[in-house]
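S.K.: Take the sequence shown: its letters are residues 2 to 366, numbered as in the numbering used here.
Ideal placement from N, C-alpha and C gives every residue a C-beta, glycine not left out.
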Amino acid sequence: MKGRARDRWLDLLALMGYVLLALAYLWPLVRRFGSALAGDGFDMYVFRWDNWWLTRALSGGQNPYHTRMIFYPSGAHLYFHSFSWLNTGIWWLLRGLIGDVAAYNFTVWWSWPLAGFGAYLLAREVMDERRAAFVAGLIYTFYPYHFAQRNHLNLLSVQWTPFALLFLMRAARHGRARDGLLAGLFFACAGLSGWHLLTLSGMLGGLWLLHAWLTKRHRWAKENWRALLLMAVVFGLLTGPFLAPLAWEQFVNPAGQDPYLGKEGETQTDLIAYVLPNLYHPLWGRLAAPIHQRFLRNKDHAVALGYLPLALVGYGLLRWTRRKVWPQRVGGKGRTPRFSEAACPEPFVPPRAGLRAGLTAGLRA
Numbered sequence: 002m003k004g005r006a007r008d009r010w011l012d013l014l015a016l017m018g019y020v021l022l023a024l025a026y027l028w029p030l031v032r033r034f035g036s037a038l039a040g041d042g043f044d045m046y047v048f049r050w051d052n053w054w055l056t057r058a059l060s061g062g063q064n065p066y067h068t069r070m071i072f073y074p075s076g077a078h079l080y081f082h083s084f085s086w087l088n089t090g091i092w093w094l095l096r097g098l099i100g101d102v103a104a105y106n107f108t109v110w111w112s113w114p115l116a117g118f119g120a121y122l123l124a125r126e127v128m129d130e131r132r133a134a135f136v137a138g139l140i141y142t143f144y145p146y147h148f149a150q151r152n153h154l155n156l157l158s159v160q161w162t163p164f165a166l167l168f169l170m171r172a173a174r175h176g177r178a179r180d181g182l183l184a185g186l187f188f189a190c191a192g193l194s195g196w197h198l199l200t201l202s203g204m205l206g207g208l209w210l211l212h213a214w215l216t217k218r219h220r221w222a223k224e225n226w227r228a229l230l231l232m233a234v235v236f237g238l239l240t241g242p243f244l245a246p247l248a249w250e251q252f253v254n255p256a257g258q259d260p261y262l263g264k265e266g267e268t269q270t271d272l273i274a275y276v277l278p279n280l281y282h283p284l285w286g287r288l289a290a291p292i293h294q295r296f297l298r299n300k301d302h303a304v305a306l307g308y309l310p311l312a313l314v315g316y317g318l319l320r321w322t323r324r325k326v327w328p329q330r331v332g333g334k335g336r337t338p339r340f341s342e343a344a345c346p347e348p349f350v351p352p353r354a355g356l357r358a359g360l361t362a363g364l365r366a
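Following this line, the structure appears as structure tokens:
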């Protein structure tokens with residue numbers, strides 16, 4: 002019991018660390034929390050309009066997926082509009098307490114500490130190394146792409162993916178109903194924040210689950226299957242009312258739903274983007290600008306992880322190789338890194354965990 006209480010206190014300290022770092026990182030926003038909107042450009046006003054329109058439509062008994070206020074009098078369908086239902090709900094709950102602007106800013110700000118804490122818990126589950134897990138959380142929540150999406154609530158809200166993967170792993174291994182329920186809840190949170198995020202979360206979770214089924218299903222009892230079934234049921238109940246209108250619209254009107262189809266030349270990226278500083282980098286942004294300008298649409302969508310994380314990963318992988326990990330993996334001799342078998346069926350390492358494995362070795366060196 003003492004060990005468990007100590008772990009909880011350390012986890013709480015980690016969460017407080019992410020909160021304090023998020024306050025410092027977004028200090029210009031914190032200073033004007035109730036008077037200025039987070040972000041720049043014009044996309045942030047789209048999400049402000051979303052909040053207003055959904056409140057008006059639902060309170061008035063209207064269909065939120067159609068409005069005559071755009072392209073009047075024929076109107077416009079909003080089935081595939083970038084609604085962020087969960088963030089709108091949080092905004093609606095808070096606006097009477099802290100004001101309209103501050104409530105919107107909170108839905109932007111809270112993504113940083115929650116994303117860091119979720120990645121920390123997931124990395125600790127996989128690696129069983131608290132210090133490296135904390136650094137993994139820092140990398141996940143403060144990586145440049147997160148900030149680059151500050152204007153888009155449906156892409157900014159990356160905080161639910163690590164929680165969904167964490168409880169998916171626990172549900173598949175332990176077969177606890179609580180883990181299945183929480184996995185379904187967090188996958189639903191990802192989808193109700195943005196359907197793009199659900200797609201990515203589902204891909205990562207699906208790959209892990211497929212490999213776990215191929216390698217560990219002989220160890221699964223009825224409880225494991227029940228936990229996974231509960232996850233699916235909870236997810237379906239929470240997202241079904243929102244997904245059903247989209248599915249029906251796609252069925253009856255399949256043409257023209259995606260304005261970016263056929264525009265690969267405008268939305269592309271390449272491998273250099275993963276190591277190229279983004280336009281907002283305070284030191285090297287101007288030097289990288291000529292390369293970014295070659296891309297018509299993605300020139301401001303940073304995908305680089307950062308040089309320090311890449312250096313840690315490279316150093317960790319070098320140390321890992323010298324410890325003869327690879328012979329051990331194929332049945333030879335050598336030391337095995339300290340992964341948690343509870344979450345990671347051998348020899349599979351989930352996406353991002355491979356990077357964190359190198360990070361762990363680098364931090365221990």
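What separation, rounded to the nearest whole angstrom, lies between the Cα atoms of Leu115 and Asn64?
M.R.: Answer to the nearest angstrom: the Cα atoms are 32 Å apart.
S.K.: Given Leu157, which residues of its chain have a CB within under 6 Å of its CB, disregarding the five upstream and five downstream residues?
M.R.: Once the five neighbours on either side are set aside, the close Cβ partners of Leu157 are Ser112, Gln150.
S.K.: Which stretch, first to last residue, makes up the alpha helix (DSSP H) that contains Arg33?
M.R.: Arg33 -> no alpha helix (DSSP H), and no H or E assigned at all.
S.K.: Under a CB-based cut-off of 8 Å, is Trp285 close to chain B?
M.R.: Chain labels in this structure do not include chain B; a single protein chain is all it has.
S.K.: DSSP state of Ala305, grouped into three classes?
M.R.: The answer is coil: DSSP assigns Ala305 none of H, G, I, E or B.
S.K.: Name the one or two DSSP bridge partners that Thr68 has.
M.R.: Ala77.
S.K.: Can you say whether Thr162 is buried or exposed, counting buried as having 16 or more other CB atoms within 10 angstroms of its CB?
M.R.: The residue is buried, with at least 16 neighbouring Cβ atoms inside 10 Å.
S.K.: With a threshold of 6 Å on Cβ separation, who are the neighbours of Asp79 within its own chain once the five nearest residues in sequence on each side are excluded?
M.R.: Rather than Asp, the amino acid found at residue 79 in this sequence is Leu. Result list for Leu79: Tyr66, in chain order.
S.K.: Should Arg336 go down as buried or exposed, given a rule of 16 or more other Cβ atoms within 10 Å for buried?
M.R.: Residue placement at Arg336 is flagged as unreliable, the pLDDT there being 48, under the threshold of 50; the coordinate-derived value follows with that caveat. Arg336 is exposed by the Cβ-count criterion.
S.K.: Measuring only the C-alpha atoms, how far is Gly100 from Gly35?
M.R.: Taking the straight line joining both Cα atoms gives about 7 Å.
S.K.: Ignoring anything shorter than 4 residues or poking outside the stretch 128-174, list the alpha helix (DSSP H) runs there in chain order.
M.R.: Listed in chain order, they are 131-143, 145-149, 154-157.
S.K.: What number of angstroms, rounded off, separates the C-alpha of Phe164 from the C-alpha of Gly119?
M.R.: Taking the straight line joining both Cα atoms gives about 5 Å.
S.K.: Return the residue from the list Val127, Trp53, Leu123 that minimises the CA-CA distance to Met70.
M.R.: Looking at the Cα atoms, Trp53 is the closest of the given residues.
S.K.: Just curious, the alpha helix (DSSP H) that Arg9 is in, first and last residue?
M.R.: Here the alpha helix (DSSP H) through Arg9 covers 3-26.
S.K.: With distance defined between alpha-carbon atoms, name the residue in Leu247, Gly307, Ile273, Leu284 nearest to Phe81.
M.R.: For the residues Leu247, Gly307, Ile273, Leu284, the minimum Cα distance to Phe81 belongs to Leu247.
S.K.: With a CB to CB cut of under 8 Å and the five nearest residues on each side skipped, what residues in its chain are close to Ile292?
M.R.: For Ile292, where only same-chain residues beyond five positions count, the Cβ hits under 8 Å are Ile273, Leu277.
S.K.: So, for Ala103: in the same chain, excluding its five sequence neighbours on each side, which residues have a beta-carbon less than 6 Å away from its beta-carbon?
M.R.: Excluding positions up to five away in sequence, the list reads Phe34, Gly35.
S.K.: Evaluate contact between the stretch 129-143 and the stretch 174-182, counting only Cβ atoms and requiring at least three cross-stretch pairs below 8 Å.
M.R.: Contact between the stretch 129-143 and the stretch 174-182 is absent, because fewer than three Cβ pairs lie under 8 Å.
S.K.: Going straight from the alpha carbon of Gly18 to that of Tyr73, what length do you get?
M.R.: Going from the Cα of Gly18 to the Cα of Tyr73 covers about 50 Å.
S.K.: Where does Leu21 land, buried or exposed, given buried means 16+ other C-beta within 10 angstroms?
M.R.: It is exposed - the Cβ of Leu21 has fewer than 16 other Cβ atoms within 10 Å.
S.K.: How would you call Val235, buried or exposed, if buried means at least 16 neighbouring beta carbons within 10 angstroms?
M.R.: By the neighbour-count rule (16 or more Cβ atoms within 10 Å), Val235 is buried.
S.K.: Give me the Cβ distance between Leu30 and Trp110, rounded to the nearest whole Å; I'm assuming they're in contact under 8 Å.
M.R.: Indeed, because the Cβ distance is near 6 Å, the residues count as touching under 8 Å.
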